[in-house]
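J.: Please find one structure pasted underneath; my questions will follow.
Below, the structure written as structure tokens:
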């Protein structure tokens with residue numbers, strides 16, 4: 003069995019699934035309610051929900067009619083803590099590197115002898 | 009002085025976890041490969057960028073770039089705490105490929121960095137291979153350095169609910 007963190011991490015890699023989780027952060031809702039803001043069909047949303055459910059990020063209610071979806075916070079917290087550390091470090095470093103490379107290249111151009 | 013970064017083209021950083029022992033970080037830069045290789049491997053350049061969030065510094069950067077050579081990075085946080093990373097270079101193939109091993113609580117970890125160039129742009133792929141999942145998740149010092157806005161909406165949720 004794949005570990006929970008990897009499942010959660012790959013589930014979170016998709017922006018639609020992150021948006022679904024953000025919506026669920028405001029409270030549980032049905033598949034139909036979830037589908038509306040995303041202009042997606044019910045089956046398409048259900049497909050994303052299955053991925054999120056397998057990752058332990060959401061659970062479906064018992065009410066047979068509505069089967070409301072709710073957010074489970076623990077795996078998100080684990081992923082956020084783990085991934086954000088790396089992201090915080092590398093994103094900041096790489097964004098700085100863009101500027102630094104640009105600076106080095108303009109220095110090189112200035113050093114070129116006039117033609 | 010380094011110019012303000014908002015005037016510069018910025019490509020997305022891609023993070024993936026192909027297995028639960030790996031983290032792969034991919035990023036493209038608008039610069040030739042020879043220059044990107046230099047800023048990754050020269051102690052004169054590394055402390056100018058490889059320092060994480062604002063306020064961090066790298067007071068010590070030692071690089072002995074040859075197979076068997078050692079590198080040592082010391083980062084200092086805004087609070088004055090220090091993190092050290094040391095490792096041994098295993099393979100050096102300029103300007104294409106760099107392999108080094110680091111040690112974390114007695115566990116060895118191998119990292120491979122590849123540099124590819126296309127149309128004057130360079131893509132850097134950093135592959136971190138961890139001895140086990142626990143070490144990966146600890147991710148010292150990277151996992152200890154604050155948060156970022158990538159999962160902005162999730163962050164908001166976490167702040168409000170956890």
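Protein chains in written order, with the working numbering: chain B, 3 to 117; chain P, 9 to 170. Backbone N, C-alpha and C fix where the C-beta goes; we use that ideal spot for every residue, glycine too.
Can you give the Cα-Cα distance for residue 130 of chain P and residue 122 of chain P, rounded to whole angstroms?
T.: The residue you call residue 130 of chain P lines up with position 122 of the second chain. The residue you call residue 122 of chain P lines up with position 114 of the second chain. So the two alpha carbons sit approximately 10 Å from each other.
J.: Might you give, ordered along the chain, the residues of its own chain that have their beta carbon closer than 8 Å to the beta carbon of residue 63 of chain B, omitting 5 neighbours on each side?
T.: Here residue 63 of chain B refers to the residue found at position 61 when the first chain is read from its first residue. Closer than 8 Å at Cβ, skipping near neighbours: 30, 69, 70, 71 and 72.
J.: Applying the criterion that 16 or more other CB atoms from any shown protein chain within 10 Å of the CB defines a buried residue, is residue 19 of chain B buried or exposed?
T.: Stepping through the first chain from its first residue, residue 19 of chain B is reached at position 17. By the 10 Å Cβ count, residue 19 of chain B comes out buried.
J.: I want to verify the contact list: residues of chain P whose CB lies under 9 Å from the CB of residue 106 of chain B, in sequence order.
T.: Residue mapping note: residue 106 of chain B aligns to position 104 of the first chain, counting from 1. The contacting residues are 39, 43, 46, 47 and 53.
J.: So what's residue 62 of chain B in DSSP terms, helix, strand or just coil?
T.: Your numbering for residue 62 of chain B matches position 60 in the first chain. Residue 62 of chain B falls in the strand class under three-state DSSP.
J.: Listed from N- to C-terminal order along the chain, which residues in the segment 76-108 of chain P have their beta-carbon within a distance smaller than 7 Å of any beta-carbon of chain B?
T.: Result list empty, no residue passes.
J.: Measuring alpha carbon to alpha carbon, tell me which of P/86, P/46 and P/110 ends up nearest residue 77 of chain P.
T.: In the second chain, counting from the first residue as 1, residue 77 of chain P sits at position 69. It is P/110 whose Cα lies nearest to the Cα of residue 77 of chain P.
J.: Mapping the DSSP letters down to three states, classify residue 115 of chain P as helix, strand or coil.
T.: Mapped onto the second chain, residue 115 of chain P falls at position 107. Strand.
J.: Return helix, strand or coil for residue 148 of chain P, following the three-state DSSP convention.
T.: Here residue 148 of chain P refers to the residue found at position 140 when the second chain is read from its first residue. Confidence is the limiting factor: at residue 148 of chain P the pLDDT is only 40, short of 50, which leaves the residue's position unreliable, though a coordinate-based value still follows. In this structure, residue 148 of chain P counts as coil in the three-state DSSP scheme.
J.: Of all the CB atoms in chain B, is at least one closer than 9 Å to the CB of residue 74 of chain P?
T.: Locating residue 74 of chain P in the second chain gives position 66, where the first residue counts as 1. Output row for residue 74 of chain P: interface = no.
J.: Using a Cβ-Cβ cut-off of 8 Å (strictly less than) and excluding sequence neighbours within five positions of residue 51 of chain B, which residues of its own chain qualify?
T.: Residue mapping note: residue 51 of chain B aligns to position 49 of the first chain, counting from 1. For residue 51 of chain B, where only same-chain residues beyond five positions count, the Cβ hits under 8 Å are 22, 33, 36, 60, 62 and 71.
J.: Could you pull the DSSP bridge partners for residue 109 of chain B from this structure?
T.: Residue mapping note: residue 109 of chain B aligns to position 107 of the first chain, counting from 1. BP columns for residue 109 of chain B are empty, so no partner.
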